[in-house]
Every structure is written in structure tokens, then in C-alpha cells.
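Residue numbers for the sequence shown follow the working numbering, so the first one is 89 and each next one is one higher.
Written below as C-alpha cells is the structure these notes are about.
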Amino acid sequence: MNYDGHEALRHDIAGLANNLCDLKTTMKVLEEKYHYRHDGLPERLAGVSLRRASELLDKAFNQILMLDESFQD
């Protein structure tokens, strides 16, 4: 264990990683529902925005996962 005295930090980072994982799952469902090939313009625009936001979320998620993995149990 390499986080003696920082258990709250470890707990918070693990919780954040889990929340981001849940958010990524929700985003994927929405991306499949509203995609760029949808018939309606608003749905296509939402699909493009969701895809861009998902790419940004992937980057943030990767950063948090690296931080989460830096803690050794």
C-alpha cells in the first residue's frame, strides 16, 4: 500500500473513476441512439456533439485511470 495517510484521496479517485465509467456507458448509449446518420437534423447534430464530448471524456477518463492505478493496494 503506497497511500498511507491518503486513504480519503484514494477513495475519492476510485469513486471518480467509477463515476466516469458509468458516464462513458451512458454516453455510448446516447451516441448509438442519436448518431450522425439519423434522419432528423437535431438528432444528427446531437450525435456529432455527443461524439466530440465522448472523445474528450475518453481523454479525461484515461488520465483518471492512470492516477487510480498509481495507488497500490
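For glycine and all other residues, C-beta sits at the position ideal for the given N, C-alpha and C.
No experiment lies behind these values; they were computed from the predicted model shown.
Rounded C-alpha distance that separates residue i from residue j
i      : j      : result
Leu138 : Ile101 : 25 Å
Leu153 : Asp92  : 20 Å
Asp156 : Leu97  : 10 Å
Ala148 : Leu111 : 12 Å
Lys116 : His94  : 33 Å
Gly135 : Thr113 : 15 Å
Cys109 : Glu131 : 24 Å
Per-residue burial, residue i [other beta carbons within 10 Å of its own, 16 or more giving buried]
i      : result
Leu144 : exposed
Tyr124 : exposed
Gly128 : exposed
Leu133 : exposed
Whole-Å CB distance - residue i paired with residue j, under 8 Å assumed
i      : j      : result
Ser142 : Glu119 : 6 Å
Phe159 : Asn90  : 6 Å
| request: Within the stretch 103-145, note down every full beta strand (DSSP E) run reaching 3 residues or more, in order along the chain. | output: List check, beta strand (DSSP E) in window: nothing returned.
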